[in-house]
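Chains as they are written, first to last, in this note's numbering: chain A, 1 to 583; chain B, 584 to 710.
Even for Gly, the Cβ is constructed at its ideal location relative to N, Cα and C.
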């Protein structure tokens, strides 16, 4: 029945053998007989119609096909019809009709094929598509434009035919149901057309219901699959807070064996008590359009243990925009958060350590710097107080005093800002930096340390050295670390000479060196100076150089140390020269 | 408070601190001179001068301690108060050991300076 014809070849109209000539004599008698029977059968048909329509009420969808077939047979038997066929449009090609239910006489020898309706019944299809019933009491009723249809009817030896469109609620045509006679002509009376039309409608509704149900099931199956394969917990929650449904992942997240255990669970209990109220408020805000649908909450498992979840919510609304529930997508971010926290802690720790190293070493210097303006401010304020208490004090002196106080307060502020800039933890910000400016700024910070320790500063800064690209604060930390290390190395040395050099190496490489006149590093230790926790200082943590190295490596540069032939150690780093396309 | 020390020599490389200290003393009616370096003080004030020196530790070339030693070598006869903005603890001991009459941390109040001066004056008259 589902064999599609290989060709659209016109079936030979002559092929069916008509026996009309031989039966013509008996025809009138039979018609009369049938007419006499008509009244009786009319009552039977009405009873049958009632029965059929009753049977189709609330018919389970899996029984629709069977009931349609049974009804077709019963109608044919009741009305003395020979064929009832039901066709549905192919979901792949709406032009092709698939015969889904057919009742034919047992001796019917014409194969019923799946057919291309556009080719076999072009005229009928046009009418059906318009929602019209094709009523043919005799084949001569077929108009000229139905020539092709007529050919096919003849091929099937059909004498009378009626075909109803199948469409639900006046919607799109999805099939057709036909009743035909083979052995006699039949006049389709308006009453009969109405009644059969009613049957067609019952069929259409049942098929539509079945199709919708199938679609729903398929959708549901699709969603269920999605629901289950999504690597996140999903729960659908009623407005009153109780879980309607949840997926396996949701159950797993919260320590349950199956999602069924979560049905009817009070959803706020998924969240740790301390955040429960906030979560309710957030949800309310989302409903009112005042909140983004993403939150992070502490969550509670079945056994009471806590973890962290990221929750995304969707408000499910009915046609009237009323809230019908919520869909929550829940991900366990405990691990991610932990990793992130560890990374941050490590970063902070490192930065902090770097800060401690530098703060320790420059804090004395900072104190000096800042106490100068503070002392001056105090002196000036005292002078003003004395002058104010004295009768006939010169008021013009005050403006000068106040001006000086302001200047010194600004100076103090600048010093604090400068130091903070060096010590501040900042996100790496790459910018174009003059190398010598960087060195000079760093030296300013340690200037007093140098004086205090009787260190002679020697600078060999190449005047034409190329600019570099980098994070100023981080690179200053490197320089500070190298300088303070150099100062420490010279603590016990007879001569204390700090040498800072800048040089251009080749077209695109800049080298900065910090040299000391200390005792140098023994060869055995030279390989490990950049390792974390390497230190020769008492109380040193040994992280300074390792941090320096990671900063320089972040800048795609290189840092190394070598022995100064004249004694002492030289630490150098090289960085790429600034190129405009880097910006 | 009796101010016996009627003449102050301020030696500090920080211009603004030195000027403000001089201004404060002047307001009190006390003569004060300011020098930006140890050398300019030595050049301008001969050893026979009376008065009281207020000397900052951290100065380039000749620092406070070096000046103190030089003054002792050149037989300056005046009390020296060492001042510093530095926070380290051994500066006070070192100052006293080097023969300084007193030690003050910047910033210091007029009162603490005058108290120290009064004490120095008492010490000297007792000596």
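Check your understanding: Would the beta-carbon of residue 236 (chain A) fall within 8 Å of that of residue 327 (chain A)?
Key -> The residue you call residue 236 (chain A) lines up with position 236 of the first chain. The residue you call residue 327 (chain A) lines up with position 327 of the first chain. Yes, the Cβ-Cβ distance between residue 236 (chain A) and residue 327 (chain A) is below 8 Å.
**Study point:** Under 8 Å from the C-beta of residue 498 (chain A): neighbouring residues of chain B
**Key:** Position 498 of the first chain, counting from 1, holds the residue named residue 498 (chain A). Those within 8 Å of residue 498 (chain A) in chain B number zero; the least Cβ separation is about 15 Å.
Point to revise | Three or more C-beta pairs below 8 Å linking the region 299-314 of chain A and the region 217-225 of chain A | key: no
Review point. Chain B beta carbons: is any one of them nearer than 8 Å to that of residue 371 (chain A)?
Key: For this step, residue 371 (chain A) is matched to residue 371 along the first chain. Judged by the 8 Å Cβ criterion, residue 371 (chain A) is in contact with chain B.
**Study point:** Identity of the residue in B:590, B:693, B:645, B:652 nearest residue 723 (chain B) by Cα
**Key:** Any answer about residue 723 (chain B) is impossible in this case: the structure gives chain B only from 584 up to 710.
Exercise for review: With distances taken Cα to Cα, identify the nearest neighbour of residue 579 (chain A) among A:560, A:565, A:469.
Suggested key: Numbered from its first residue, the first chain carries residue 579 (chain A) at position 579. For the residues A:560, A:565, A:469, the minimum Cα distance to residue 579 (chain A) belongs to A:469.
Point to revise | Below-8 Å beta-carbon distance, residue 607 (chain B) vs any chain A residue | key: Taking the first residue of the second chain as position 1, residue 607 (chain B) is located at position 24. It does: the Cβ of residue 607 (chain B) has a partner Cβ on chain A nearer than 8 Å.
**Study point:** Backbone secondary structure at residue 306 (chain A) - three-state DSSP
**Key:** On the first chain, residue 306 (chain A) is found 306 positions in, with the first residue counted as 1. Three-state DSSP puts residue 306 (chain A) in a strand.
Exercise for review: Throw me the rounded Cβ distance for the residue 555 (chain B) and residue 616 (chain B) pair, which I believe falls under 8 Å.
Suggested key: No statement about residue 555 (chain B) is possible, as the shown extent of chain B runs from 584 to 710 and does not include it.
Point to revise | Touch test, the region 550-559 of chain A against the region 445-452 of chain A, Cβ-Cβ under 8 Å, three pairs minimum | key: no
Review point. Just by C-beta distance, which residues in the region 375-404 of chain A are closer than 9 Å to chain B?
Key: Of all residues in the region 375-404 of chain A, 375, 376, 377, 378, 379, 380, 381, 382, 383, 384, 385, 386, 387, 390, 393, 397, 400, 401, 404 have a Cβ within less than 9 Å of some Cβ in chain B.
Review point. With a cut-off of 8 Å, do at least 3 Cβ pairs link the region 593-604 of chain B to the region 509-521 of chain A?
Key: Output reads no: the region 509-521 of chain A does not touch the region 593-604 of chain B.
**Study point:** For residue 67 (chain A), the nearest candidate out of A:333, A:203, A:133 (CA to CA)
**Key:** What you label residue 67 (chain A) is simply residue 67 of the first chain in a count that begins at 1. Nearest option by C-alpha distance: A:203.
Review point. Where are the alpha helix (DSSP H) runs, 4 residues long or more, that stay fully inside the region 267-323 of chain A, in chain order?
Key: 273-287
Practice item. Check the Cβ of residue 451 (chain A) against every Cβ in chain B and list those closer than 9 Å, keeping chain order. Key: Locating residue 451 (chain A) in the first chain gives position 451, where the first residue counts as 1. Within 9 Å Cβ-Cβ: 641, 642, 643, 646.
Check your understanding: If you follow the alpha helix (DSSP H) that residue 123 (chain A) is part of, which residue opens it and which one closes it?
Key -> Counting from one through the first chain, the residue named residue 123 (chain A) turns up at place 123. Looking at the DSSP string, the run of the alpha helix (DSSP H) that includes residue 123 (chain A) is 122-129.
Exercise for review: Please list the partners that residue 407 (chain A) has in chain B, where partner means a Cβ-to-Cβ separation under 8 Å.
Suggested key: Your numbering for residue 407 (chain A) matches position 407 in the first chain. In chain order: 599.
Check your understanding: In or out: residue 373 (chain A) buried (at least 16 other Cβ within 10 Å) or exposed?
Key -> Position 373 of the first chain, counted from the start, is the residue given in the question as residue 373 (chain A). Buried is the label assigned to residue 373 (chain A), since at least 16 other Cβ atoms lie within 10 Å of its Cβ.
Point to revise | Min CB distance residue 623 (chain B) to chain A below 8 Å | key: The sequence position of residue 623 (chain B) within the second chain is 40, counting from 1. No - not a single Cβ of chain A is within 8 Å of the one on residue 623 (chain B).
**Study point:** Start-end ranges of the alpha helix (DSSP H) lying completely within the region 141-207 of chain A, minimum 4 residues
**Key:** 147-155
Review point. Does the Cβ of residue 371 (chain A) have 16 or more other Cβ atoms within 10 Å, making it buried, or fewer, making it exposed?
Key: By 1-based counting over the first chain, the position of residue 371 (chain A) is 371. So residue 371 (chain A) ends up on the buried side.
**Study point:** N- and C-terminal bounds of the beta strand (DSSP E) containing residue 596 (chain B)
**Key:** In the second chain, counting from the first residue as 1, residue 596 (chain B) sits at position 13. No beta strand (DSSP E) contains residue 596 (chain B), which DSSP labels as neither H nor E.
Check your understanding: Excluding sequence positions up to five away, which residues of its chain have a Cβ less than 6 Å from the Cβ of residue 255 (chain A)?
Key -> Position 255 of the first chain, counting from 1, holds the residue named residue 255 (chain A). Taken in chain order, the residues that qualify are 301, 302, 303.
Practice item. Report yes or no: is there a C-beta of chain A within less than 8 Å of the C-beta of residue 682 (chain B)? Key: On the second chain, residue 682 (chain B) is found 99 positions in, with the first residue counted as 1. Judged by the 8 Å Cβ criterion, residue 682 (chain B) is not in contact with chain A.
Practice item. State the CB to CB distance for the pair residue 198 (chain A) and residue 49 (chain A), rounded to an integer number of angstroms; the pair is presumed to be in contact (CB under 8 Å). Key: Within the first chain, numbered from 1, the residue matching residue 198 (chain A) stands at position 198. Within the first chain, numbered from 1, the residue matching residue 49 (chain A) stands at position 49. The pair is a contact, with the Cβ atoms about 7 Å apart (cut-off 8 Å).
Exercise for review: Identify which residue in A:193, A:251, A:487, A:402 has its Cα closest to the Cα of residue 264 (chain A).
Suggested key: Indexing the first chain from 1 puts residue 264 (chain A) at position 264. Taking only the C-alpha atoms, the option nearest residue 264 (chain A) is A:251.
**Study point:** Bounding residues of the alpha helix (DSSP H) (the contiguous stretch that carries residue 248 (chain A))
**Key:** One-based indexing of the first chain puts residue 248 (chain A) at position 248. 248-253 is the extent of the alpha helix (DSSP H) around residue 248 (chain A).
Point to revise | Supposed contact pair residue 552 (chain A) and residue 573 (chain A) - C-beta distance, whole angstroms, cut 8 Å | key: For the purposes of this step, residue 573 (chain A) is taken as residue 573 along the first chain, with counting starting at 1. For the purposes of this step, residue 552 (chain A) is taken as residue 552 along the first chain, with counting starting at 1. So it is a contact: roughly 5 Å between Cβ atoms.
Exercise for review: Determine the direct distance from the alpha carbon of residue 636 (chain B) to that of residue 482 (chain A), and round the result to whole angstroms.
Suggested key: Mapped onto the first chain, residue 482 (chain A) falls at position 482. Mapped onto the second chain, residue 636 (chain B) falls at position 53. Distance between the alpha carbons of residue 482 (chain A) and residue 636 (chain B): 39 Å.
Point to revise | Every unbroken beta strand (DSSP E) within the region 589-645 of chain B, with a cutoff of 3 residues, ordered by chain | key: 590-594, 614-618, 635-639
Exercise for review: Please work out which residues of its chain come closer than 6 Å, Cβ to Cβ, to residue 570 (chain A), disregarding the five sequence neighbours upstream and downstream, and give them in chain order.
Suggested key: For the purposes of this step, residue 570 (chain A) is taken as residue 570 along the first chain, with counting starting at 1. Once the five neighbours on either side are set aside, the close Cβ partners of residue 570 (chain A) are 513, 515, 562, 564.
Check your understanding: Does the Cβ of residue 369 (chain A) have 16 or more other Cβ atoms within 10 Å, making it buried, or fewer, making it exposed?
Key -> Position 369 of the first chain, counting from 1, holds the residue named residue 369 (chain A). Per the 10 Å Cβ criterion, buried.
Review point. Nearest to residue 144 (chain A) by CA position, among A:160, A:122, A:117, is which residue?
Key: Stepping through the first chain from its first residue, residue 144 (chain A) is reached at position 144. Residue 144 (chain A) has its Cα closest to that of A:122, out of A:160, A:122, A:117.
Exercise for review: Tell whether a beta-carbon distance below 8 Å holds between residue 672 (chain A) and residue 158 (chain A).
Suggested key: Examination of residue 672 (chain A) is not possible in this model, given that chain A is present from 1 through 583 alone.
Point to revise | Stretch pair the region 59-78 of chain A + the region 200-219 of chain A: three plus CB contacts closer than 8 Å | key: Yes: at least three Cβ pairs fall under 8 Å.
**Study point:** CB contact check: residue 448 (chain A) to chain B, cutoff 8 Å
**Key:** Translated into positions along the first chain, residue 448 (chain A) becomes position 448. So yes, residue 448 (chain A) belongs to the interface.
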